[in-house]
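Residue numbers (our numbering): 52 to 171. Each residue gets a CB set at the ideal place from its N, CA and C atoms; glycine is no exception. What follows is a single structure, written as structure tokens, with notes after it.
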């Protein structure tokens, strides 16, 4: 099943987990959109540097440390995804509470592991 995913914290550096996740999501036939600090393309996915009002998102997967996430709380909630994945190092109980109050599911998990174990 295709789960349209927004990767926040996308990096053009191939060794970064966000980059690896974009490649793996595409390899698993998911629609992927990405937001990062620098424009570029990863496996035909444009990295946007503007906060776009993406529609029909299933998942937002975070690659931003908790101190940088606060600036995106309202943006992510406004996108109304079905879930938000907090990858290792991004865990944020304050944001969990905000998501819970807005009926958005969240999980502290690794996107790469979820994809590798068919649990995505």
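For the alpha helix (DSSP H) assignment, the uninterrupted runs of no fewer than 4 residues enclosed by the region 131-167 are, from N- to C-terminal side, 144-152 and 162-167. A residue is called buried once 16 or more other Cβ atoms fall within 10 Å of its Cβ, and residue 138 is buried on that count. For the pair residue 73 and residue 93, the CB atoms are nearer than the 8 Å cut-off. Sixteen is the threshold: when 16 or more other Cβ atoms of the shown chains lie within 10 Å of the Cβ of residue 110, as they do, the residue is buried. For residue 85, the enclosing beta strand (DSSP E) has its first and last residue at 83-86. For residue 165, the closest C-alpha among the options 119, 65, 79 and 86 is that of 79. Nearest C-alpha to residue 107 among 134, 169, 62 and 115: 134.
Per DSSP, reduced to three states, the secondary structure at residue 103 is coil, with no helix or strand assignment. The distance from the Cβ of residue 56 to that of residue 96 is about 10 Å, inconsistent with a contact at the 8 Å cut-off. Beta-bridge analysis with DSSP links residue 111 to 57 and 135. If you draw a straight line from the Cα of residue 152 to the Cα of residue 86, it is about 24 Å long. Inclusion of residue 142 and residue 156 in the CB contact set at 8 Å is not warranted, their separation being larger than that value.
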